[in-house]
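In the numbering used here, the protein residues as written are 19 to 1057. Think of the CB as a built atom: it goes at the ideal place given N, C-alpha and C, for glycine as much as any other residue. These notes concern the structure reproduced below.
If you want it as structure tokens, here you go:
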């Protein structure tokens, strides 16, 4: 027995009285009982207490206000009398002093007058003589003095009387003002009190209305619920009489509370007044004429609807829309025909019926179980609902015995909880997820290749020691020898080997060897590829095998179903095989049989548990390896390193979080802890998560989940040597670098027309190098992009130079030497767009040299042309074209005038005369008719040029002058004065800076045959020229 209770009580006359009692208990380990009891008089007492308290508080406030008002009035009266007495006391001495001083002054003046009279009569100082001589003047002056004296006396008396009167009036005014203020304050407080009473009445009324509405809704809900409960209990329950009796009691109890409340609300004067106001308002609205109001509304509605209808008709019946609709209808019709022929409709109907039946069976089964559980529950339920007596009691029989209340309320211990969890797991494991987790999980079902096994398999080698087999088994190993990763043991179509080498105290992965189609290819970690020990440049096609580089990824593809992709920036290689090799492979990457327990199988088909013994059995090479130890770094337990790894492989805020439901991050968490072994004493410990993050990102790509690399892993170099992280934006000027730099990309068409042009490109590059060096450029890089060849060489691709995309001019010789000639489809615009994606440095002069024979024509996607134009202008890229067409002069009477033209830009023509001064000829430029080629406007608008490769086949002296003029004109290209650069992550997870001008130049009309026809040939056809017989030019030795 386990009981708990909560008791609320109060003390009256020394005796404790219980008000509310809440009890919860477990009886006989099987019955869960609950009881809520209260004193029936509690509600009435609480209401009375609240009303008494409100009345008492109101009386206290009124008494306080009355006492405050009386005290204020008495205080003001007392202050008024005190101020009057104080002013009288202070002013009376002042007035007495003034009167006394005035009497003194009058006495002195009188004495002076008598003295003057005596002096006059004695005629001293000849006063009498003077006075007699000026008697008239003195009489007048005496009269004036007398009048002035009388005036002074009158003004003084008036001032005294006015001052006394003013002070007395001021005191009276102040007293009256204070008295009026006291009366106003009293009236204000009385009004506030009345307003408070009105507010409380209205609040009570609103509360009563809300209570009535709530009670009304509860009655409706109770009636409906009671009806359903009665019907349900009559059908399934063992006893309906108790339920009906309970419902009657509940309704009776509710009616006892609601009826008096409703009567009280309806009889309220404010409610009746509101009803009368509403009736008058409705009558006013009914008498109001709405036609005048709605007339303008109808007019506006008709106008807008007509305009929308016109727009709709113009859109729907537009020829392009009609064409798209027709194509869509045809496609739908074809799909229906194919569906009817293959019987897909019937199959889909059968699948839907089967699914619907399964869902129906599940619902019926679940509903039946719910009814059964309810019946069991109802049979063991006992309750009592008696609000009049202050009692609510319920007792429930538990499905199983429980030792305590804690166990009784543990829902996970009941079978019903297991049923709910099973139902949830049947559809989706929710947990901590998002919409995208479900999308990624179920999107695999839409891939037809994932419907029928065997499926393609992928294995991973990351860093020097992390392995993931075809069947998903992870282990750590590093040795000093060469080991077989995977091999086709049935048909011997391929073999993949990993080669290790010691680097001081550690061992590192040296290279990956791929043996296929009779060739042996070694991929080194420095991007260099060799064939049978000889260095080669990519791309390479050998029978059914193609090796190419895109960004930092080198890929080996075989027609027999093998694909190896090595992202050397993050030191990882993915080996992928098709389902044709199911159960036919062996090596460190496992057996590929969907049994990860069998992945540690040796060549003699024994299963071992030790990875060292397992790897030593797959060792290959001329002799046995001396060291048979596993030299893999161990995982660390240092808290800081663990926190960094957890941040990316466990936390919900990880940038890799959206893939957690598809690819288990725990093995990669362990991989990260192993990598942290080398970073314990590093200041940049967090950056060591990049290798494991890149490996996890690569695995998620297989499930269609595109992840961004952690920001700490994506870095871009600035001209001053500093680094930017992903998302950083910087403003770069030509003053930020110590010396100017240049990046030059040769875009070469692999066609027969360029067979003798390609060997001369190295001489052109050498001239550009010299001209840039003369301008102070210290670091000029070169890259080569090919297109238009056979097979893989048809689409745009990078041609490596000493294994790199950008290299010095010395390595450029091997890149040009690896260009073979073909006859595939050519798209120069696509090649220029591809070259624009290469990793260009910040604040460098960007130049493209398009060496082509094919006319540039826009494809169906007209937006590509605008995108290329915008890229060239905004990024400050200069496009120079070396075409195999010659120039045509409209006014030339002799062909020699056109033959001496080397090239043109947007305002000048360049000839043999420009070898000395490089001034150009503007007059000759106005006479040139350019070919109708969509690449020419791009070159001229980007401050580039158009040169004719025909001049390369002239005699040697003219050939040299041509290369000198073109290299000088190309080297005039400079970087923009100011650029805004952003560091972004590419598809391979490596950072690259994307720069644009700080102020984009005004984009005028693009020069194309449609915009300026006077500059171009009227005929689209290219002119053909008979090439002079020349010997094949060899690549010149570089200085």
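{"Query": "Start and end residues, alpha helix (DSSP H) containing residue 959", "Result": "953 to 959"}
{"Query": "Test item: CB-CB of residue 761 and residue 798 under 9 Å", "Result": "yes"}
{"Query": "Spatial distance of residue 428 from residue 416 (CA atoms)", "Result": "12 Å"}
{"Query": "C-beta atoms of residue 788 and residue 634 nearer than 9 Å", "Result": "no"}
{"Query": "Between the CA atoms of residue 996 and residue 753 - distance to the nearest angstrom", "Result": "9 Å"}
{"Query": "Close-in-space but distant-in-sequence residues of the same chain around residue 1025 (CB under 7 Å, 5 per side omitted)", "Result": "Legend: pLDDT at residue 1025 = 40, less than 50; position of this residue unreliable, value from coordinates given subsequently. Here the set comprises 955, 958, 959."}
{"Query": "Touching by the beta-carbon criterion (3+ pairs, under 8 Å), the region 553 to 560 and the region 804 to 811", "Result": "yes"}
{"Query": "Burial state of residue 870, where buried means 16 or more other Cβ atoms lie within 10 Å", "Result": "buried"}
{"Query": "Cβ-based burial, residue 687 [other Cβ within 10 Å; buried from 16]", "Result": "buried"}
{"Query": "Among 668, 923, 950, the one whose alpha carbon lies nearest that of residue 941", "Result": "923"}
{"Query": "Between the CA atoms of residue 933 and residue 973 - distance to the nearest angstrom", "Result": "16 Å"}
{"Query": "DSSP beta-bridge partners of residue 826", "Result": "Residue 826 is not bridged to any residue."}
{"Query": "Given residue 648 as reference, the closest of 48, 495, 640, 617 once Cα atoms are compared", "Result": "495"}
{"Query": "DSSP beta-bridge partners of residue 528", "Result": "Residue 528 pairs with nothing; no bridge assigned."}
{"Query": "For residue 475, three-class secondary structure by DSSP", "Result": "strand"}
{"Query": "Alpha helix (DSSP H) segment containing residue 613, residue limits", "Result": "Per DSSP, residue 613 belongs to no alpha helix (DSSP H) and is neither H nor E."}
{"Query": "Unbroken alpha helix (DSSP H) run spanning residue 893, endpoints", "Result": "881 to 893"}
{"Query": "Pick from 816, 842, 791, 23 that is closest to residue 801, judged by C-alpha positions", "Result": "816"}
{"Query": "First through last residue of the beta strand (DSSP E) which encompasses residue 920", "Result": "919 to 922"}
{"Query": "In DSSP terms, what residue 764 is bridged to", "Result": "802, 867"}
{"Query": "CA nearest to the CA of residue 726, picked from 734, 716, 472", "Result": "716"}
{"Query": "Backbone secondary structure at residue 402 - three-state DSSP", "Result": "strand"}
{"Query": "Beta-bridge partners of residue 41, as assigned by DSSP", "Result": "23, 53"}
{"Query": "Presumed contact (8 Å Cβ cut-off) between residue 862 and residue 639, rounded CB distance", "Result": "In fact, because the Cβ distance is near 45 Å, the residues do not count as touching under 8 Å."}
{"Query": "Straight-line Cα distance separating residue 370 from residue 354", "Result": "18 Å"}
{"Query": "Buried versus exposed, by CB contacts within 10 Å (16 or more), residue 511", "Result": "buried"}
{"Query": "For residue 839, the nearest candidate out of 971, 776, 567 (CA to CA)", "Result": "776"}
{"Query": "Sufficient close CB pairs (3 or more, under 8 Å) joining the region 602 to 609 to the region 522 to 539", "Result": "no"}
{"Query": "Inter-residue Cα distance where the pair is residue 552 and residue 546", "Result": "10 Å"}
{"Query": "Nearest-angstrom Cα separation, counted from residue 60 out to residue 256", "Result": "At residue 256 the pLDDT is 42, less than 50, meaning the model places this residue with poor confidence and gives no usable figure here."}
{"Query": "CA-to-CA distance, residue 841 to residue 774, given in whole angstroms", "Result": "16 Å"}
{"Query": "In DSSP terms, what residue 947 is bridged to", "Result": "906"}
{"Query": "Inter-residue spacing [alpha-carbon to alpha-carbon] between residue 401 and residue 675", "Result": "50 Å"}
{"Query": "Within 9 Å, strictly: CB atoms of residue 480 and residue 651", "Result": "no"}
{"Query": "Residue 961 versus 487, 971, 925, 40, residue with shortest Cα-Cα distance", "Result": "925"}
{"Query": "Residue 541 (DSSP reduced to helix, strand or coil)", "Result": "strand"}
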